[in-house]
Structures are given as structure tokens and as C-alpha cells.
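The listed protein sequences derive, respectively, from chains P and D.
Going by my numbering, the first sequence runs without a break in its numbering and finishes at 466.
Going by my numbering, the second sequence runs without a break in its numbering and finishes at 475.
Backbone N, C-alpha and C define an ideal beta-carbon position, used for all residues, glycine too.
Values in this document were obtained by computation on a predicted structure and should not be read as measured data.
Shown next, in C-alpha cells, is the structure this report addresses.
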Amino acid sequence: MKAVEKVLIFDSSSLISLSLNGFFPELKELKKLFGGHFIIPEDVKKEVMDNPLNVKKFELEALRLKELMNEGILELPSAIGISDKQINPITNEMMSKANNMFKTPQGNIKMIHDGETACMALGRILENKKIEFAICIDERNTRMLIENPEAMKELFERKMQTTVKLEKNNFAFFKGFKVIRSTELMYLAWKKGLVKTKANGKLLDAILYGLKLNGCSITDGEIEEMKKMK
Amino acid sequence: MKETDNVLRILQETRDAIEIDNSAIIKDLSNQTINTASLTQDPDNIAVAVIVYALSKIYERKDYRNLPGWGKANSLVKGALDKSIMDLKKNDENKFRKDFEEIRIALEKLSGRLKDYVADVFRKAQVNKASRLYEHGISMESTAKLLGVTMFELAEYAGQTGISEVHGTQTMDVKQRIKIAEGMFK
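In C-alpha cells:
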């Protein structure tokens, strides 16, 4: 097996935003530029390909995602020599840490599930192997857990109207991951001229709001900032 | 069941709101179970949130009340609510679950346009409550699993709401995040 240099891990939410906006041709072009692997853990595959195959409204999206797997654009961790046997115990440990990190008088808040955690578990394995990686996550809460658990605590307190005590010893399990969203990915695609369309003028605006309105957690302010960066 | 007293109050007030024909009150009541549902992820609280929200949507459509089958369904719903309230007062949770489910069963027995509308309302109620749990900080995948909806449905719905604009949830400067992306593609 050729040495793995870099990996972009996708969680379900980012693939869903890309899928609902029809950005797979751009994803294929990005893969050529990347020169590494686009990896999804088995649990993410179940969530975005296997389960939606039974829901008529999203069957087509699931089939198109399957096609990306068949074409080798998206790969399972086994493609880079990492097995589920290696990932699963770390996933379980991280899930237990995350779901026991925010304590309320009513009990601990169970905030994350297998697919999201498997992405981070895979990240830890890659980190140990000294392989460069980032995780593409569109959903807000897992990203907050990684980047600012204190803000997550405040959100819980505000929304659930309860006191939340943080188990700070568990921070370390989630710290240090590099996280991007589908919006940053598609910003790059746009910047590199990979978004093929005859439309002009508001293309970046259309791309970013398309992703936001299909689930990517990005504020209007962030979008405006990205547009100014061009 | 978690916070039984709160659930009992919500069901009693829902029953009263049906009597005075005020769907706005019912909708508001459905939101009041979300805190407990997101905190404890208790299936009973989640079921109450979904069914009470669905009732608010069904009772707000006054034009459907002239359709055949409405009268019978309406009295079955009220009967099932009354029985559910009694079950909770007697602390009989198993009987409560059975009687409370009767509300959905009664409505799903409707025929024609009403049946289609009710099916659509229940699906949308599940997605709506899933998005509220996500808004409260529970991850997208956990929420989708708890409510039995796909992540596609949830992402599509959540994207149309203001969840991404909630104050205090931006955890990194966007320029820094773009730098990460650019760094990965160098």
C-alpha cells in the first residue's frame, strides 16, 4: 500500500449538505486536487447511504453517494489500512466521554452518536500515525464540542434552562481536531474555478446560502465575511 | 417516565385547549416538553412533544372538520387524551403509553384527504421536534435517531430555521477555518 499522506474525513452532515446541493461533480474535482483520501467511517456510510435507501424522498441522494464510493471518491477506512476493530473501541470510549461531559441535576446529557464519534476516533488513529487530516463537519454541536465545550455548556444552560457542570478532564479527548465545513470546501472549489456554471455575479453567495439552507451551520455574518475575502 | 407532573399538566392543558378550540395554545404546550426531552431524551416526553404538536397542526385546519370521519376521530382523540390523563394520575405508565398511542391510531384511521394530511402532519411533527432537540445542543445524528427521521430530513428542515444564527455558537473565525481548508489542499 502506498504511504498515506493526508486524509479528509467526512461526517454525515457535510455529505448531506453537498448532496442536497448537487455538489458531487465539484467534490470529484476537489478529490483530484487533494492528492489524498476522502474517508467516511462505516457508521457514516450507514447514515447517508444505507438508511436513506429506504426513504423514497432521499433514495436518489443515497444512490449517488453509493456511486461516489464505487468510483473511489469516498473510501472506507480500510482503504488506508484502518479497520473497524481499531476504530470501534476508540469510538466507544470517546462517546462515553462526550456523553458524560455535561452533567445536570437531571442526569448527564447524551449529545453525540456513533457516526459523529467515529469520525473523531478515526482522527485520533491518524494523529497517532502522524498522518495529516481534517474533519469536515457541518452540524453545529459536534463542532462546538471539539472547539469550545465551554460555549456548548452555556448553550445547554440557556436552552435547557438548567445548571450544567462540565467534566473538564474529558476535554482532552476532543481537543485539537482541525474542522472545516462544506462551505469552506466549496469556497475552495469556487476559488479554484471548479464550479462550472455560466451564471455569474452571485455564484459564491448562491453556493454558500445553498449549503446553509440545507443544514450547514454557518451564520449570515460568516457568509458575508467569506464573500469579502474573494 | 421523566417529569410526569409536567407531562400531566401539558396533557390537561392540551385537552382544555381542544375544548376551547385554541390550536395556538396547543402548539405552545408542545414546545414545553422539549427541555425535558432534550435533557433526558426520555421517549415518553418525546412522544408527548410530537403528538401534541401534531394535534396543534390538525386542530388549526378548520376546513377539514367538514370532511367525513372527522367527528368520530375528534371524539376518539378526546377520549384517548382523557384516558391518558387518568392513567398518569394513577401512575400507570404502561397503560398511559397504550392509551396515548390511541390518539395517533384514531387519526390514522381517517380516510381520503384527511388521512394524507394527518400522515404528513405526523412526519413533519417528528422532524420539527428533532430540529428543536438539535437546536438545544443534541447532535444531528443523535436527534435523528431519537425521533426516527433521516438526517437528510433533519438537515433540510434545520437549514431553513435560524439554528445556525443562535448567539454564542460560532467557535472559530471564518478566515482561520478557510486557512485550514487551504492548508489541507496545498
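Between the stretch 350-361 of chain D and the stretch 395-411 of chain D, do three or more beta carbon pairs fall short of 8 Å? yes
Restricting to runs no shorter than 4 residues, where is the alpha helix (DSSP H) found entirely within the stretch 297-338 of chain P? 320-335
How many Å lie between residue 352(D) and residue 361(D) at the Cα? Stepping through the second sequence from its first residue, residue 352(D) is reached at position 63. Stepping through the second sequence from its first residue, residue 361(D) is reached at position 72. Cα-Cα distance, rounded: 16 Å.
Where residue 244(P) sits in the DSSP three-state scheme: Here residue 244(P) is taken as the residue at index 8 of the first sequence, counted from 1. Three-state result, residue 244(P): strand.
Residue closest to residue 422(D), alpha-carbon to alpha-carbon, out of 315(D), 338(D), 313(D) and 304(D): The residue you call residue 422(D) lines up with position 133 of the second sequence. Among 315(D), 338(D), 313(D) and 304(D), the Cα nearest to that of residue 422(D) belongs to 338(D).
What does the alpha-carbon distance come out to for the pair residue 321(D) and residue 334(D)? Position 32 of the second sequence, counting from 1, holds the residue named residue 321(D). Position 45 of the second sequence, counting from 1, holds the residue named residue 334(D). About 10 Å.
Residues of the stretch 297-322 of chain D in Cβ contact with chain P at a cutoff of 8 Å, in chain order, please. none
Under a three-way DSSP split, which group does residue 430(P) fall into? Start at 1 with the first residue of the first sequence, and residue 430(P) comes out as number 194. Coil.
Which chain D residues are close to residue 349(P), counting only those with a beta carbon under 7 Å from its beta carbon? The residue labelled residue 349(P) in the question sits at position 113 within the first sequence. Those are 428, 430, 431 and 434, listed as they occur along chain D.
Can you find a C-beta in chain P that's less than 8 Å from the C-beta of residue 411(D)? Walking along the second sequence from the start, residue 411(D) turns up at place 122. No, residue 411(D) does not count as interfacial toward chain P.
Where residue 478(P) falls: helix, strand or coil (DSSP): Look at the range of chain P in this structure, 237 to 466, and you will see that residue 478(P) is not part of it.
Report yes or no: is there a C-beta of chain A within less than 8 Å of the C-beta of residue 382(D)? The structure shown contains no chain A; its protein chains are P and D.
Rounded distance between the beta-carbons of residue 348(P) and residue 420(D), thought under 8 Å: To locate residue 420(D), count along the second sequence from 1; it is residue 131. To locate residue 348(P), count along the first sequence from 1; it is residue 112. Not really, about 17 Å apart at Cβ, beyond 8 Å.
Between the Cα of residue 398(P) and the Cα atoms of 329(D), 381(D), 463(D) and 440(D), which residue gives the shortest distance? As a first step, residue 398(P) must be located in the first sequence, where it is residue number 162. Cα-wise, what sits closest to residue 398(P) is 329(D).
Can you tell me whether residue 432(P) is buried or exposed? The criterion is at least 16 other CB atoms within 10 Å of its CB, across all chains shown. Start at 1 with the first residue of the first sequence, and residue 432(P) comes out as number 196. Residue 432(P) comes out exposed.
Which two residues bound the contiguous alpha helix (DSSP H) that contains residue 335(D)? What you label residue 335(D) is simply residue 46 of the second sequence in a count that begins at 1. Segment 332-349, the alpha helix (DSSP H) holding residue 335(D).
Who are the neighbours of residue 295(D) on chain P, taking C-beta pairs under 9 Å? On the second sequence, residue 295(D) is found 6 positions in, with the first residue counted as 1. Simply none; closest approach about 12 Å.
Between which two residues does the beta strand (DSSP E) carrying residue 370(P) extend? Within the first sequence, numbered from 1, the residue matching residue 370(P) stands at position 134. First-last of the beta strand (DSSP E) with residue 370(P): 368-372.
Here's a check: name, in chain order, each residue in its chain whose Cβ is nearer than 8 Å to the Cβ of residue 275(P), leaving out the five neighbours to either side. By 1-based counting over the first sequence, the position of residue 275(P) is 39. Here the set comprises 243, 244, 245, 246, 310, 311, 312, 313, 315, 316 and 358.
Alpha-carbon to alpha-carbon, residue 353(P) and residue 453(D): Here residue 453(D) refers to the residue found at position 164 when the second sequence is read from its first residue. Here residue 353(P) refers to the residue found at position 117 when the first sequence is read from its first residue. Straight-line Cα distance between these residues: approximately 21 Å.
Close beta carbons around residue 350(D), own chain, < 6 Å, minus the five adjacent residues each side: Taking the second sequence and counting its residues from 1, the one referred to as residue 350(D) is at position 61. Same-chain partners within the cutoff: there are none.
Hey, would you say residue 294(P) sits closer than 8 Å to residue 441(D), going by beta carbons? Sequence index remark: in the first sequence, residue 294(P) carries index 58 (1-based). Sequence index remark: in the second sequence, residue 441(D) carries index 152 (1-based). Contact: yes.
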